[in-house]
Amino acid sequence: MMRILGWCMELGVTCVTAYAFSVDNFARVPAEVRGLMELAREKMQELARHQGVLAEHGVVVRVVGELQLLPRDVQAAAQRLMDATRGNGDRVLNICLGYTSRHELARAVRGARERRRLGVSARARPTEHELDAQLQTAGSPPVDLLVRTSGETRLSDFLTRQVAFATLHFTPRLWPELGFLDFALAVVQYQREAPLLRAARAASTSRPAAAGPRWSAPGCAAPLLPRAAAHRGAGVPGSRGATWSEKKEGVSPARQSGDSEGAQDRHSSCSEMATRSYVGSEGSAGEDIDGRGGAEVPRGHAS
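Numbering (this note's numbering), first residue to last: 149 to 451.
Rendered as C-alpha cells:
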C-alpha cells in the first residue's frame, strides 16, 4: 500500500481509495473471515507505524464502511489509525472496509431522509447533491482513474456511483506484483481519455469542462519516464523496487529480495484505491480476497 500510495503522491494525486473488504465477504467460511480480519488489523497497524511518512506528505486516513460489523479489535485499530492521522493535512487515503456501494447508497438515502425529518431539508425528495453529501466518501473528489488488477473486468460493487466518469484500467497483474511500469500504463491511459471524460462530466453537470488532466501539473508524464527507466524490472515478482517508506527511511530495496513481504501480500485482502482520484485494489476487488485486485488513479482521487 505504501509503495503505490507513494507513486500517487509523486504524481500529485490528492485522494486514494483502497477496497480492503466487502460486506459480501462476511459470507465466506468463518475461519477465512477471521484470517482476513486479522490481516486487516495488522495492515492498519502497519500503516500507523508509518505515521511519520504519512504526516510528512499530509495524508489523512479514513476507514469507511459498515464498521459496526467488524470485530472490536479491528474497529479499535481503524479508530487509532484515523485518530493518529487526523491532523496530517489535505491528502486523503480512504480504506473501504466492510463496504459495498449498495450499503453506502442505502446509508446516504437514510441520511437524507433523516435530514428531512429533522427539518434540515425541506425537499420532499433528496437531490443528487444532497445524496452525494451523505455518502461515506463525501468530500473526496470524483474518481478519475480506477485500476483493477488480476485480469477481472468487474467492479465488485466498489464506488459504482463515484466512477461514472472515470478511466477504468484492467490489468492481468496480481496486486502484490503491480510494478511502476504497470502503474504508468494506467496513468497514460487516463491522460489519453481525460479530455473525453472531462467533457462528459461537464455535460452531466452543465458546468464548463476544466482544461487538462486534474492531477498532471506540472505534468504526470514528467516523472514517469525517469521512474520507468529506474523501475524497468517493475511488475516482475521479486523486483518491485523500493517502497515509498523504504526510500524515506533509507532502507535498501534489496531487503525485499527474499519476497517474504510479497508472500504475505499475496494473501492480503483486496483494496481499491482512488486519486483526486486514484482507486486501486489490493488483492481482488470485493469478493475476491486472494491477492488479485485493482486500483484507480487521476484527478487527485484514485482507487
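All C-beta atoms in this analysis are idealised placements derived from N, C-alpha and C, irrespective of residue type, glycine included.
- Taking a 10 Å sphere around the C-beta of Gly154, we find 16 or more other C-beta atoms and assign the residue as buried.
- Closest option to Met150, judged by alpha-carbon separation, among Gln339, Ala351 and Trp323: Trp323.
- For the pair Val207 and Asn236, the CB atoms are nearer than the 7 Å cut-off.
- Judged by DSSP secondary structure, His251 falls within the alpha helix (DSSP H) whose first and last residues are Ser249 to Arg265.
- In the DSSP assignment, the residues bridged to His317 are Val295.
- Secondary structure note for Thr165: its beta strand (DSSP E) is the uninterrupted segment Cys163 to Ser170.
- In the structure shown, Asn173 adopts helical secondary structure according to DSSP, grouped into three states.
- The beta carbon of Val222 sits closer than 6 Å to those of Met185, Ala188 and Arg189, all from its chain and outside the five residues before and after it, given in chain order.
- In the same chain as Val181, and ignoring 5 residues on each side of it, the C-beta atoms closer than 8 Å to its own belong to Asn173 and Phe174, in chain order.
- Secondary structure note for Val336: its alpha helix (DSSP H) is the uninterrupted segment Phe328 to Thr353.
- Contact between Asp305 and Thr319 is absent: CB atoms are separated by about 20 Å, not below the 8 Å threshold.
- For the pair Arg302 and Leu316, the Cα-to-Cα distance works out to about 10 Å.
- Membership of Val211 in the beta strand (DSSP E) is indicated by the continuous run Val207 to Val212.
- In this structure, Cys163 lies near Pro289, with their beta-carbon atoms less than 7 Å apart.
- The beta-carbon distance between Ala314 and Leu294, rounded to whole angstroms, is 5 Å. This is short enough to meet the 8 Å contact definition.
- CA-to-CA, the gap between Pro274 and Ala256 works out to about 10 Å.
- By a beta-carbon distance limit of 8 Å, Tyr247 does not contact Gly299. Their separation comes to about 22 Å.
- Residue environment for Leu344: exposed (fewer than 16 other C-beta atoms within 10 angstroms of its C-beta).
- DSSP places Leu159 in the coil class of the three-state scheme, outside both helix and strand.
- Boundaries cannot be given for Gln310, as no alpha helix (DSSP H) includes it and DSSP labels it neither H nor E.
- A Cβ-Cβ contact shorter than 7 Å links Val211 with Leu245.
- Check the Cα spacing between Gly183 and each of Ile152, Leu326, Pro219 and Ala254: the tightest is with Pro219.
- Within its own chain, the residues whose Cβ lies closer than 8 Å to the Cβ of Leu215, once the five positions on either side in sequence are excluded, are Gln223, Ala226, Leu245 and Gly246, listed in chain order.
- In the displayed model, Leu229 falls within a helix according to three-state DSSP.
- For Arg239, DSSP records a beta bridge to Val207.
- Distances from the alpha-carbon of Leu253 to those of Val268, Asp238 and His277 put His277 closest.
- Rounded to whole angstroms, the gap between the alpha carbons of Tyr338 and Val209 is 25 Å.
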